[in-house]
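Just so we're aligned: 325 in the working numbering is position 177 of the sequence shown, and the numbers increase by one with no gaps anywhere. Here a beta-carbon is modelled for each residue, glycine too, at the ideal position from N, C-alpha and C. In this text, all values refer to a predicted model and were calculated from it rather than measured experimentally.
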Amino acid sequence: MSKRNDALNRITDVQPHKEMMMTQAKGFTQKLRARMAAGAFIATGALALAPLAQAANEDHDAALLVTDTASQAVTALDDQIISDDEADRVLSNVDIDAVAKFTLGNKWADLSADEQSRYVDAFKVFARNQMKEHLSGLSGADVTVTDVVPRGDKDAIVVTQVRTAGNDLPQEMSWRVVANGSWHIVDIQAQDIWFAIEQRAQFGAILDRNNGDIDALINEISS
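Have a look at this one:
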């Protein structure tokens, strides 16, 4: 009986030691996993650093284009009127050729080179007049970039808040910008309406009413 008790005591004495060793081993494993995870994080971070820096630079360039364009418009409105020259300076930040082509949709490919050229010229006049009319609300405004939403490597939406003296609530304007050598604006959204998308629908309706006659559209948007 005494021998049996001694054996039981030895087993009982070994059990805590075994548990302690298992706890230490578990702790070592957890530390090892943590170190491996940290190493993986550092390695991944090092690999991602260059593209992240590039993305940050691209976001900055896209946002800078928008703030510069808005600043030009606000400055031009100091006298409450945007002249043709001032409008053209603002529109130099817009890829007018790309926007003009977009607004025609599939119809663009059906035009001759001469028709395409005449249409783009007419669209530039139209865009200038539209800008002079609709950007008048930026008079004395404070435009702040609140977000840059990437849509691809060279495509982003720049979200801004526009505060004017007569309105306590800021209005949101979004600017779609693309980079083809340098960043340019290709569409502007205000009050949930995208300018280029809206014009594409309206121009399509004009062409439908005139049996696809591009001259009818050119005459209408040039007037």
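Identity of the residues DSSP links to residue i by a beta bridge
i      : result
GLN337 : SER322 and TRP342
HIS332 : VAL326
VAL222 : According to DSSP, VAL222 bridges with nothing at all.
ASN315 : THR312
VAL293 : THR308
GLY352 : DSSP output for GLY352 lists no bridge partner at all.
Delimiting residues of the alpha helix (DSSP H) encompassing residue i
i      : result
ASP232 : 232 to 239
ASP269 : 261 to 282
ASP245 : 244 to 252
Nearest-angstrom Cα separation, counted from residue j out to residue i
i      : j      : result
VAL242 : ASP290 : 21 Å
ASP232 : ALA257 : 30 Å
HIS208 : ASP295 : 11 Å
GLN220 : ARG237 : 8 Å
LEU355 : LEU283 : 27 Å
ASN328 : ASP363 : 30 Å
GLY352 : ASP361 : 11 Å
LYS102 : ILE366 : With the chain represented from 149 up to 371, any question about residue 102 goes unanswered, as that position is not in the structure.
GLN337 : SER260 : 31 Å
SER240 : VAL326 : 14 Å
ALA246 : ILE333 : 10 Å
Opening and closing residue of the beta strand (DSSP E) in which residue i lies
i      : result
ILE305 : 303 to 312
For residue i, three-class secondary structure by DSSP
i      : result
ASP361 : coil
GLY288 : coil
Distance cut-off 6 Å: residue i Cβ against heavy atoms of the ligand SAH
i      : result
ASN277 : Summarising the ligand content, the structure contains no ligands, and the ligand SAH is consequently not present.
**Message:** Could you check whether the stretch 250 to 266 touches the stretch 339 to 352, counting it as contact only if at least three pairs of C-beta atoms, one from each stretch, sit closer than 8 Å?
**Reply:** Segments in contact, yes.
**Prompt:** At a cut of 8 Å, does the stretch 262 to 278 reach the stretch 212 to 222 through at least three beta carbon pairs?
**Reply:** Because the criterion of three Cβ pairs below 8 Å is not met, the stretch 262 to 278 and the stretch 212 to 222 do not touch.
**Asked** For the 8 Å Cβ check, are there 3 or more pairs between the stretch 321 to 330 and the stretch 220 to 238?
**Response** Three or more Cβ pairs closer than 8 Å define a contact, and the stretch 321 to 330 falls short of that threshold against the stretch 220 to 238.
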